[in-house]
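Working notes for the structure below.
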Ligand code: SAH
Ligand code: SF4
């Protein structure tokens with residue numbers, strides 16, 4: 002069977018894999034071992050499964066692939082904290098995925114789509130347009146790739162000459178996942194939520210659902226579904242403006258999902274889930290960083306248990322806005338604090354390798370027809 006016809010192991014939840022294995026008349030014990038070899042043992046080839054019977058491995062070979070996505074290229078930031086990988090998917094499409102290492106934590110920033118249909122002008126992914134949704138397995142595979150990278154960079158392990166070891170204090174285990182790479186996760190709701198189910202599996206990647214955050218441009222039907230879901234990931238909503246007119250000027254889809262309805266959906270999420278919500282605000286100098294706008298945010302979010310993450314604009318080709326300076330960001334934060342709104346200014350990391358928010362793009366892939 003050609004490799005393309007095989008399904009990736011990462012497309013399956015543990016229950017689905019168990020059912021599939023049962024349909025081949027093999028014991029569920031084999032499914033459990035296979036799952037553990039892949040998610041705990043790091044198996045990436047059928048040949049790595051030497052504790053499983055040959056007959057089972059032969060069957061697997063014809064049905065399932067354990068192969069990770071091919072790395073088309075990788076970039077390491079000069080400070081050693083950030084790495085960006087260009088991964089080639091089975092159909093020739095390419096996506097970017099980013100590993101961010103901090104003191105005390107490591108975070109995977111993964112893509113949910115190749116490109117994005119939402120068309121925000123200040124975002125490189127938006128400017129490249131939409132190519133396709135990613136499958137659950139393609140989302141899970143990004144996390145597994147970054148987990149292997151992190152483990153390989155552990156101090157004392159034999160690293161390739163080009164390897165940058167983990168910075169001091171950085172953990173070698175990946176515990177946090179943000180769906181903030183390429184694409185709009187709530188435009189690909191079912192695949193994203195299935196990937197989250199696989200990632201949170203206690204016998205699998207075991208990434209706590211409270212350590213997974215999904216960022217949306219404001220797709221209201223998706224927010225409502227998330228609000229009604231059982232124990233969904235954290236929600237971050239890209240706000241960027243506190244009036245409908247200003248928001249629609251920055252985010253084209255705000256015309257479809259207006260600010261008042263968006264806030265109502267956010268309040269519903271908070272009520273249903275009894276949790277706070279994050280709002281993202283890309284700080285663009287002179288555009289949305291004035292004291293008046295900070296006061297408008299304070300009034301808009303009154304009574305919502307929220308945290309605001311301020312992201313100074315990262316440079317991208319084709320958009321000539323500038324990031325707000327430290328003083329403007331500080332002033333914005335101080336005003337939010339007067340309304341009881343906690344906020345952070347996101348550390349600007351990985352800009353030398355274009356791995357910051359909104360900078361992910363696969364221009365070359367866009368020019369290539371899918372194979
Ligand atoms: N599609 C989702 C998630 C991916 S983008 C969303 O829009 O929320 C992740 C975050 O980066 C969003 O808050 C987005 O608005 C922000 N962003 C996009 N372009 C940016 C840029 N050039 N500089 C800083 N932040 C940017
Ligand atoms: Fe898509 Fe988010 Fe970029 Fe907007 S900011 S184009 S929604 S990835």
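Residue numbers (this note's numbering): 2 to 372.
Every residue, glycine too, gets a C-beta built ideally from N, C-alpha and C.
Note that the structure is a prediction, hence the values are computed from the model and not measured.
{"query": "Three or more C-beta pairs below 8 angstroms linking the segment 182-191 and the segment 99-119", "result": "yes"}
{"query": "Whether residue 252 touches residue 241 by CB criterion (8 angstroms)", "result": "yes"}
{"query": "Segments of 4+ residues assigned as alpha helix (DSSP H) that fall wholly inside the segment 272-314", "result": "292-301"}
{"query": "Straight-line gap, residue 46 to residue 67 (C-alpha atoms, nearest Å)", "result": "5 angstroms"}
{"query": "Whole-angstrom distance between residue 284 and residue 160, CA atom to CA atom", "result": "Note that residue 160 has pLDDT 39, beneath the 50 cutoff, so the model's placement of it is unreliable and the number below is only indicative. About 38 angstroms."}
{"query": "Residue 30, buried or exposed, once every other Cβ within 10 Å from all chains shown has been counted against 16", "result": "exposed"}
{"query": "Extent of the continuous alpha helix (DSSP H) to which residue 333 belongs", "result": "327-339"}
{"query": "Paired residues, beta bridge with residue 96 - DSSP", "result": "88"}
{"query": "Environment of residue 36 [buried if 16+ CB atoms lie within 10 Å]", "result": "buried"}
{"query": "Anticipated Cβ contact below 8 angstroms, residue 264 with residue 301, distance rounded", "result": "7 angstroms"}
{"query": "Cβ-Cβ distance between residue 312 and residue 282 below 8 angstroms", "result": "yes"}
{"query": "Inter-residue CB distance, residue 32 and residue 18 (contact presumed, cutoff 8 angstroms)", "result": "5 angstroms"}
{"query": "Residue 218 CB to nearest heavy atom of the ligand SF4 below 7 angstroms", "result": "yes"}
{"query": "Segment limits, beta strand (DSSP E) that includes residue 213", "result": "213-217"}
{"query": "C-alpha distance - residue 229 paired with residue 222, whole-angstrom precision", "result": "11 angstroms"}
{"query": "Residue 1 - containing alpha helix (DSSP H), residue span", "result": "In this structure the chain extends from 2 to 372, so residue 1 is not present and cannot be described."}
{"query": "Coil, strand or helix - residue 22 by DSSP", "result": "helix"}
{"query": "Close beta carbons around residue 292, own chain, < 7 angstroms, minus the five adjacent residues each side", "result": "332 and 336"}
{"query": "Under 8 angstroms between C-beta atoms of residue 90 and residue 139", "result": "yes"}
{"query": "Whole-angstrom distance between residue 22 and residue 28, CA atom to CA atom", "result": "7 angstroms"}
{"query": "C-beta atoms of residue 314 and residue 307 nearer than 8 angstroms", "result": "no"}
{"query": "Reduced DSSP secondary structure (H/G/I, E/B, other) of residue 317", "result": "strand"}
{"query": "Beta-bridge pairing of residue 194 - partner residues as DSSP gives them", "result": "Answer is none; residue 194 lacks a bridge partner."}
{"query": "Contact under 8 angstroms by Cβ, residue 256 with residue 297", "result": "no"}
{"query": "Residue 41 burial status per 10 Å Cβ neighbour count (16 or more: buried)", "result": "exposed"}
{"query": "Close Cβ partners of residue 7 (< 7 angstroms) along its chain, the five nearest in sequence each way excluded", "result": "64, 65 and 66"}
{"query": "Beta-carbon contacts of residue 75 that lie in its chain and below 6 angstroms, excluding the five residues immediately before and after", "result": "86"}
{"query": "Helix, strand or coil at residue 363 [DSSP, three-state]", "result": "coil"}
{"query": "Where residue 24 falls, given that 16 or more other Cβ within 10 Å makes a residue buried", "result": "exposed"}
{"query": "Residue 272 beta carbon near the ligand SF4 (any heavy atom closer than 7 angstroms)", "result": "no"}
{"query": "Any non-hydrogen atom of the ligand HEM closer than 7 angstroms to residue 124 Cβ", "result": "With respect to small molecules bound, the structure shown includes the ligand SAH and the ligand SF4 and not the ligand HEM."}
{"query": "Chain D within 8 angstroms of residue 41, Cβ atoms only", "result": "Given the protein chain composition of this structure (a single chain), no chain D is represented."}
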